[in-house]
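First up is the structure itself, then whatever we jot down about it.
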Amino acid sequence: MPAQSMEALVSLCKRRGFIFQSGEIYGGMQGLYDYGPLGVELKNNLKAAWWRAMVYERDDVEGLDASILTHRKTLKYSGHEATFSDPLVDCRQCKARWRADHIEDQCPACGAKDLTEPRPFNLMFKTAVGPVDDGTNFAYMRPETAQAIFTNFRHVVDSTARRPPFGIAQIGKAFRNEITPRNFIFRVREFEQMELEFFVTPGTDEDWHRYWVEARIAWWEAQGVPRDRLELLVVEADELAHYSKATTDIMYRFPHGLEELEGVANRTDFDLGSHSKDQEGLALSAAVEPNTDSNARLAIQDPDSKAWQVPYVIEPSAGVDRGVLAVLNEAYRVETLDNGSERTVLALPRHLAPLKAAVIPLKKNHDGIVETARALKARLQKLGLGRILYEHTGNIGKAYRRHDEVGTPLCITIDFETIEGDGTVTLRDRDSMTQQRIPLAEVPAALKAYYSEDGEGA
């Protein structure tokens with residue numbers, strides 16, 4: 076069973092070095108978290124799995140890494156300046172602030188019903204640009220990674236000769252000034268997104284929308300999130316974002332409840348049309364604000380008719396942090412052993428495990444055992460599988476339990492038999508706890524074979 080509470084995950088993450096509250100020594104900052112030694116490995120592995128599936132294993136997607144600071148006009152024409160806000164209410168009794176759509180008719184903090192009328196609260200962070208902060212020279216911290224993909228559309232097309240259907244993928248930080256960050260890393264003010272903008276010919280968009288919903292569910296399954304823990308929510312017309320023709324949210328049952336893990340939106344031609352000049356000649360399907368500032372026509376010209384057409388866009392957009400939380404939750408196990416004791420296990424898929432293997436000397440003060448263990452660790456690290464840890468606690472039982480808890484799939488113990496006997500080591504499996512002796516010289520090949528069986532979560 077997954078974790079029974081958010082508290083169990085938070086405790087594990089802090090205790091074992093996955094995730095810490097940002098600025099905790101000064102009381103912490105709400106809605107901001109830092110990834111520790113194991114958390115950064117897990118997070119990077121999840122992003123790498125997404126990049127492999129989206130870019131390396133497809134022939135129709137290019138990558139991008141755009142700047143975080145965003146030109147004000149980009150977010151003006153995208154509609155964010157006018158619409159990217161949440162309804163805010165204040166409690167007149169305790170002065171707490173809440174999103175109006177997250178509460179009923181009383182303050183969750185004090186129970187008072189004396190609330191202000193809802194008012195819009197812009198979610199975007201501003202920062203001054205240049206030496207003088209006079210209020211006019213500013214940029215936004217991007218609230219999503221998508222807009223830079225759209226504004227770079229022409230550059231990518233011209234440099235790669237791509238034509239629809241094709242996509243542009245990006246992983247990167249985004250920032251939203253959330254009124255009430257909550258539920259650990261689920262809703263935060265600084266986060267990472269994994270977004271694909273997939274450009275298609277108008278008329279084929281609905282088929283592609285269905286395709287990407289199914290493709291994304293299959294990918295989450297490969298990351299250890301079972302299909303039966305996911306639900307699809309078709310967003311009602313009156314709840315759609317201003318750019319969306321249709322959106323399907325992939326919902327996951329987090330410890331705090333059923334919430335969005337990833338959204339797949341049909342953005343039509345709204346974004347490319349909004350950032351294009353000469354919009355009148357583009358036969359746009361969506362009503363967009365006339366653009367008097369752009370110097371580009373973000374469209375594809377038919378080589379025969381010479382007519383310009385703005386592609387439609389299908390956007391699978393997932394939060395990295397929410398993905399990490401879902402993966403951790405699904406991997407969390409508390410097992411009762413035959414002797415009545417319990418062990419906590421993170422049964423992570425192999426390709427996501429922060430540590431690929433731990434090399435453990437049976438005696439941390441025995442020169443021969445230690446030298447052999449260190450040499451093996453160095454050799455295994457060069458295989459390129461990921462991080463290999465030299466574990467020097469000196470207590471083999473505690474080492475095994477620690478590595479079960481952080482999700483290390485394999486532990487390799489160097490003992491007296493290794494250096495004085497038959498030259499074998501103990502290879503222990505995390506999930507089954509079975510142990511086998513194999514020759515020291517065969518360990519690298521065994522690890523390569525073990526990880527090649529995983530399929531890398533594609």
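At position 144 of the sequence shown (counting the first as 1) the number is 219 in my numbering, and the numbers step up by one without a gap. Don't be surprised by glycine CBs; every beta carbon is placed ideally from N, CA and C.
Between L522 and L455, the CB-CB gap stays under 8 Å. Per the C-alpha coordinates, the member of F196, W173, R194 and M199 positioned closest to A187 is W173. For the pair E364 and Y152, the CB atoms are nearer than the 8 Å cut-off.
Taken atom to atom, the span from the alpha-carbon of L84 to that of D506 is near 19 Å. In the structure shown, the three-state DSSP call for I389 is strand. In the structure shown, the three-state DSSP call for G138 is strand. Judged by DSSP in its simplified three-state form, K248 adopts strand. Take R291, set aside five residues on each side of it, and the residues of its chain with a beta-carbon closer than 8 Å to its own are I325, E337, V339, P391 and A393, in chain order. With fewer than 16 other Cβ atoms from the protein chains shown falling within 10 Å of its own Cβ, L144 counts as exposed. Nearest to S142 by C-alpha distance, out of Y525, Q222 and A316, is Q222. In the three-state reduction of the DSSP assignment, F93 falls in the coil class, being assigned neither a helical nor a strand state. Of the residues assessed, D180 falls on the exposed side of the cut-off, its CB having fewer than 16 other CB atoms within 10 angstroms. Between D313 and I463, the alpha-carbon positions lie close to 51 Å from each other.
For D233, the enclosing alpha helix (DSSP H) covers residues F228 to T235. Taking a C-beta distance under 8 Å as the contact criterion, Y215 and F225 do not qualify as a contact pair.
Per the coordinates, the alpha-carbon of M129 lies some 10 Å from the alpha-carbon of K122. According to the DSSP assignment, E289 belongs to the alpha helix (DSSP H) that extends over D280 to A297. Contact check for P112 against F274 fails: the beta carbons are separated by 8 Å or more. In the three-state DSSP reduction, Y215 falls in the strand class (E or B). Secondary structure note for T191: it is in no beta strand (DSSP E), with a DSSP letter that is neither H nor E. Per DSSP, I494 has no beta-bridge partner at all. Your pair Y318 and F345 checks out as a contact, with CB atoms roughly 4 Å apart and the cut at 8 Å. F95 is positioned such that its CB atom lies closer than 8 Å to that of D109. Looking from the CA of G332, the closest CA among T499, N258, Y465 and L198 belongs to N258. Taking C-beta atoms under 8 Å as the contact rule, D135 and G242 qualify, at a distance of about 6 Å.
For W283, same chain residues with a beta-carbon under 6 Å away, outside a window of 5 residues either side, are V275 and I389 in chain order. If you compare the alpha carbons of W125, L117 and A157 with that of L198, the shortest gap goes to A157. CA-CA distance, R262 to T255, rounds to 8 Å.
In the displayed model, A78 falls within coil according to three-state DSSP, outside both helix and strand. For the 8 Å CB-CB criterion, V420 and R408 form a contact. With at least 16 other beta carbons inside 10 angstroms of its own, L460 counts as buried. About 20 Å separates the beta carbons of Q298 and T220, which is beyond the 8 Å limit, so they are not a contact pair. As far as DSSP is concerned, P183 takes part in no beta bridge.
Within the region 434 to 502, the runs of beta strand (DSSP E) at least 3 residues long that lie entirely inside it are, in chain order, 463 to 465 and 485 to 489. Counting every other CB atom within 10 Å of its CB across the protein chains shown gives S86 a total below 16, marking it as exposed. For E156, the enclosing alpha helix (DSSP H) has its first and last residue at H155 to T158.
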